[in-house]
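**Q** Here you go, one structure.
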Amino acid sequence: MKIDTNSGSNVISIGAMRAEVHFPSIARVEAYWDALRNGRLMPSRGDVDPRGISDVLEFAFILEKIAPGVARLRLAGMHLNDIMGMEVRGMPITAMFLPEARRALQSTLESVLESPATARLTLESDSGLTRPKLEAQMVLLPLKDEQGRPTRVLGALQAKGKIGRGPRRFHITSKQIDPILGDMPDRFPAPEEGAAQPRGATKKPQADSAPFLRLVHDAEGSEG
């Protein structure tokens, strides 16, 4: 299994570019999380509004930390149910992985919540006569709970290929872990009136307002 760790905030990784092209839902959820973060170490669970990712909600999920390296699915989109051939809410996220991949996933979850860091996993499924191989990517992004502790994860899983008969489980072919180095200012200070602008500087376009969207399943009938 290839492990690619990148701590440079100004580096655009090959994994990120591939996710945007081949797994656009992964890139969409990651961009939403980064917008919520707005320079902070991480956003809180309360910041997450499913209406902000309505176009990719079927691929999204939220995890709750139970113990170090152990997390269960509190909210899950329908794509995850389709992959497993059953309702996944309440399951440990490791249930979606082959036994030999679970320790690596647990180690990744620990890094995401304790470093903290973001993680992108490249996955392949098991296969068989009626079960063609699936290629997938997963992203794991840390969230704070109401007490300010990193105990939640906003994630997304997108698979390509014919799912066939479930459950389908994955092994990890590569992973990239990007430590979050610390809080950054929300924005650079505005230049003083009359100050010269840097050459080539332009006004930052205003972001479109987030679309209004629907809610996903909750393991306990309430949001995690």
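Numbering-wise, this note's numbering puts 157 at position 63 of the sequence shown, and it's gapless, one number per residue.
Each residue gets a CB set at the ideal place from its N, CA and C atoms; glycine is no exception.
Taking only runs that begin and end inside the stretch 138-226, name each unbroken beta strand (DSSP E) of 3 or more residues, in chain order.
**A** Those beta strand (DSSP E) runs which fall completely within the stretch 138-226 and span 3+ residues are 154-161, 164-170 and 211-219.
**Q** Per DSSP, which one or two residues make a beta bridge with D272?
**A** T212.
**Q** Once DSSP output is grouped into helix, strand and coil, what is the label at P261?
**A** Note: P261 maps to coil in three-state DSSP.
**Q** Measuring straight from C-alpha to C-alpha, what distance separates Q231 and Q200?
**A** Taking the straight line joining both Cα atoms gives about 16 Å.
**Q** Using only the alpha-carbon positions, how far apart do A154 and L167 sit?
**A** Whole-angstrom Cα-Cα distance: 11 Å.
**Q** Could you tell me which residues DSSP puts in a beta bridge with R246?
**A** Per DSSP, E158 and L237.
**Q** Expressed to the nearest angstrom, what Euclidean distance is found between the alpha-carbon atoms of G171 and L151?
**A** So the two alpha carbons sit approximately 6 Å from each other.
**Q** Helix, strand or coil, according to DSSP, for L83 in the structure here?
**A** This structure cannot settle anything about residue 83, because the visible part of the chain is limited to 95 through 318.
**Q** I'd like to know if the stretch 255-272 and the stretch 127-142 are in contact, where contact means that at least 3 CB-CB pairs between them fall below 8 Å.
**A** Output reads no: the stretch 127-142 does not touch the stretch 255-272.
**Q** DSSP has I43 in a bridge; who is on the other side?
**A** The question about residue 43 has no answer, for the chain in this structure spans 95 to 318.
**Q** Whole-angstrom Cβ separation of I187 and L217, contact assumed at under 8 Å?
**A** About 12 Å separates the two Cβ atoms, so there is no contact after all.
**Q** Tell me the residue span of the alpha helix (DSSP H) that contains L130.
**A** Here the alpha helix (DSSP H) through L130 covers P118 to R131.
**Q** With distances taken from CA atoms, which of P118, S209, V123 and A121 is nearest P162?
**A** Answer by Cα proximity: S209.
**Q** By Cβ distance below 8 Å, which residues in the same chain neighbour R243 in space, the five residues on each side in sequence not counted?
**A** Same-chain partners within the cutoff: there are none.
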